[in-house]
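Have a look at the structure below before the remarks.
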Amino acid sequence: MNEADQRIEAIHDEGLESGLAQFDEDRVKKIIKKVIEEEASPRLDAYLSSCVHCGLCSDSCHYYLSRDKDPAYSPAGKVKESLLPLLRGKKITPETLKKAAIISYTHCNLCRRCTMYCPLGVDIAYLISLVRRICYLCGVVPLYIQDTANSHSATFNQMWIKNDEWLDCLYWQEEEAREELPELTIPIEREGADVMYSVIGPEPKFRAQLIYQAAVIMEKAGINWTFPGTRGWDNSDMCMYTGDYEMMGRLKKAHFETAMRLKVDRIVMGECGHAFRSVFDTGNRYLGWKTPPIPVVHAVEFYHEILTQERITIKKKLATPVTFHDPCNIVRGRGLHEMAREVVGICCDTFIEMEPNREHNYCCGAGGGVINCGPPFKNERVLGNRVKAEQLLAAKAKGAEIVVTPCHNCHGGLEDIIHHYGIDMEIKFLSDIIYETMEI
Amino acid sequence: MSHTLYAFMTGIGFQLALMICFCGTVLKLLLFFKRVARKDRAFLTFFSFKYAGRSLLCHLVPFISRTSRIHPEMTTATAIFHGAVLSLPLFYSAHGVLLADSGLPRLPRFPEPLSDILALAALGALLFFLGRRLFLRTVRYISTPGDHLLLFSLIALFASGLWARFQMPGFPEATLIHLMAGNLLIASIPFTRLSHIFYVLLTRGYAGSEFGGVRMAKDW
Ligand code: SF4
Ligand code: SF4
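These protein sequence lines map, in sequence, to chains A and B. Just so you know, we're using our numbering here: the first sequence kicks off at 1 and counts up by one. Just so you know, we're using our numbering here: the second sequence kicks off at 441 and counts up by one.
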């Protein structure tokens, strides 16, 4: 048994185990048949028939590079070990399904870097998502991410936040901010506002200061904006990553419908990558929209707009040298890398590039729902991204002390990497540095 | 016997191989688009000739994409092999004679030394691919018996072709092997990994369309 298999076998996760306890081979085969025949794009067949097994995608994957080029972590190797046994294996055992689930949920961030490195354009992230979809329908999903998806189903937010708690958090942040700006309000349910600002569940739960900062930035920029006071305020989406596409559709519908009910011109989303992927790229398609039914703007675009239009002014640039981590979902997912660099350039004196960067940047290792799979998989996630630590260390050696990244998942992933590899760097959001440097 | 076989391979056998290749390809593409219409309308909605073309170009022309730059040996071998395998069937002089005999218009013909060098270089590239499959841990891990068979058939095709060309001892048999391998490979295009010849337009093309048209990012 190779090392990767040993690691997989050693994993104990309650969610996977309880799903596997119900294992019924006939049912699993029926599910696979249904997914392949009724749901899967014919691209699946095109990818599997034309992949020439050249291995050129391997060097794109941070797991493969970080695990000393262990082929079990190469993109094509992961497809071989997870999807193919489900599609082509005569017999499917609980072990087959467990392995497919662990590989698909925790050995791939769906970061799409490998698609850029496969000359044939095989979309490995799509293939891995299909495995997740099958595992989800079989009820074999890691406990922590399924709990998050359950929260989405019950509350329409990621963190089991009740609506009064959401409102309470907004009032609390308004009060705090008024000590600095006595006129400031955090508008809730303001019909006809220009902007509906939406955030992910963890903001009110753990990072309420981001709501405060956003309010200050909005106030100073003179934006006519609002938060929704009802469900639909949370733009995040772990259902997209568990494979629960039905729920993904309901979440996005709630989000769009809230914006329409409030009659806003556009949605501005906070600094999160996966939420943007869901709203801008995946969820809207599930609902049948080619593009979102209402313009959706990521925080990077929004900050770029208000800074370049000089709606806010920077008082004094940050003197500490910074580097920038490109979040996959807004860089490979939206091409916002240059705008982000311009925002950093407006707010900071010294900018140091990480290599490789922009579309070629390595994922933080947390994306694709991997961090949400929780503690049983943390070790794999951190050890599977040694290359990110090396990137950070190289930037640090050039003088960078802060790594800026406009994505919540990236913050989580980078924090774990910085901690594990003992890298003395601080992580900040764009709004952190804007708030710190702007004229208030 | 060998004469009859030769006549078959250059006549009906060859035409049959072309027919199978053509009909198989058309069938595969029809099925693809039928399923696309039923299950993946996004493919049609997002496919963009502009971005598909851009992506294909950046991945087909050697040393533009980052992946081709970080693997220079593989890029060189791939470019040589594909250049040879796509041009020699049409422009090598002896092929030209056979094609003209089957009623096709006369095509330009490569000078003999150019064909020889191309064929030899392609054989070298194939041996390089074989070396990767056998000795590179990652490539070995994902290789299947089908991949080895395909590679073996291509090596047989080029080696027998060169053997026949230089009329080395036993060349009539080598000619037959060459014809047989050629016909089998042509016929197998739609049903094996060789289908990447036409699928690449859709797979790389779609990746390019999504990256360029939806995600505003480069994909090379
Ligand atoms: S983690 Fe990214 S590069 Fe690695 S296989 Fe998944 S999508 Fe590809
Ligand atoms: S996915 Fe692409 S790069 Fe990877 S082995 Fe297959 S053809 Fe080669």
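C-beta atoms are modelled at their ideal positions from N, C-alpha and C, and glycine is treated no differently.
| Query | Result |
| --- | --- |
| Residue-chain proximity (histidine 53/A, chain B), Cβ-Cβ < 8 Å | yes |
| Candidates Ala215/A, Leu210/A and Met248/A, of which the one nearest cysteine 272/A by Cα | Leu210/A |
| Chain A within 8 Å of tryptophan 603/B, Cβ atoms only | no |
| Delimiting residues of the beta strand (DSSP E) encompassing lysine 428/A | 426–428 |
| Member of Pro295/A, Phe23/A and Val370/A whose CA lies at the smallest distance from the CA of cysteine 410/A | Val370/A |
| Where methionine 238/A sits in the DSSP three-state scheme | coil |
| Simplified DSSP assignment, three categories, for tyrosine 362/A | coil |
| C-alpha gap between glycine 648/B and lysine 78/A, whole angstroms | 23 Å |
| Distance CB(leucine 120/A)-CB(valine 640/B) smaller than 8 Å | yes |
| Isoleucine 8/A: CB within 7 Å of a non-hydrogen atom of ligand 1 | no |
| Leucine 445/B CB to nearest heavy atom of ligand 4 below 7 Å | With respect to ligand 4, the structure offers nothing, as its ligand set consists of ligand 1 and ligand 2. |
| Stretch-stretch touch, CB-based, cutoff 8 Å, three pairs: the segment 449–456 of chain B with the segment 339–351 of chain A | no |
| Strand pairing of valine 296/A, partner residues [DSSP] | Ile267/A |
| Asparagine 2/A classed as buried or exposed, judged by whether at least 16 other C-beta atoms fall within 10 angstroms | exposed |
| DSSP beta-bridge partners of phenylalanine 156/A | None; phenylalanine 156/A has no bridge partner. |
| Proximity test, Cβ basis, 8 Å: aspartate 59/A and chain B | yes |
| Proline 71/A Cβ short of 7 Å to ligand 2 heavy atom set | no |
| Boundaries (first-last residue) of the beta strand (DSSP E) holding valine 322/A | 322–324 |
| Near ligand 2: leucine 120/A beta-carbon under 7 Å from a heavy atom | yes |
| For tryptophan 289/A, the three-state DSSP class (helix, strand or coil) | coil |
| Contact with chain B by alanine 76/A, beta-carbon distance below 8 Å | yes |
| Proximity test, isoleucine 504/B beta-carbon vs ligand 2 heavy atom, cut-off 7 Å | no |
| Under the three-state DSSP convention, the category cysteine 51/A falls into | coil |
| Cutoff 6 Å; reference alanine 517/B; Cβ partners in own chain excluding five residues on either side | Ala565 and Phe568 |
| The segment 302–318 of chain A contacting the segment 275–284 of chain A, beta-carbon criterion three pairs below 8 Å | no |
| Glutamate 439/A beta carbon less than 8 Å from that of lysine 315/A | yes |
| Closest residue to leucine 470/B among His588/B, Pro512/B, Pro630/B and Tyr581/B (Cα-Cα distance) | Pro630/B |
| Against chain B: residues of the segment 99–127 of chain A by CB proximity under 9 Å | Arg112, Thr115, Met116, Tyr117, Cys118, Pro119, Leu120, Gly121, Val122 and Asp123 |
| Stretch-stretch touch, CB-based, cutoff 8 Å, three pairs: the segment 38–47 of chain A with the segment 169–178 of chain A | no |
| Where valine 404/A falls: helix, strand or coil (DSSP) | strand |
| Buried or exposed (CB count within 10 angstroms, at least 16 for buried), serine 542/B | exposed |
| Partner residues on chain A for lysine 658/B, Cβ-Cβ distance less than 7 Å | Glu359 |
| The segment 413–425 of chain A contacting the segment 241–254 of chain A, beta-carbon criterion three pairs below 8 Å | no |
| Inter-residue Cα distance where the pair is serine 527/B and alanine 604/B | 18 Å |
| Integer-rounded CB distance, given that phenylalanine 483/B should sit under 8 Å from arginine 231/A | Going by Cβ atoms, the distance from arginine 231/A to phenylalanine 483/B rounds to 33 Å, so no, they are not a contact pair. |
| Listed by chain order, chain A residues near threonine 578/B by CB distance under 8 Å | Gly55, Ser58, Tyr64, Lys69, Pro71, Ser74 and Gly77 |
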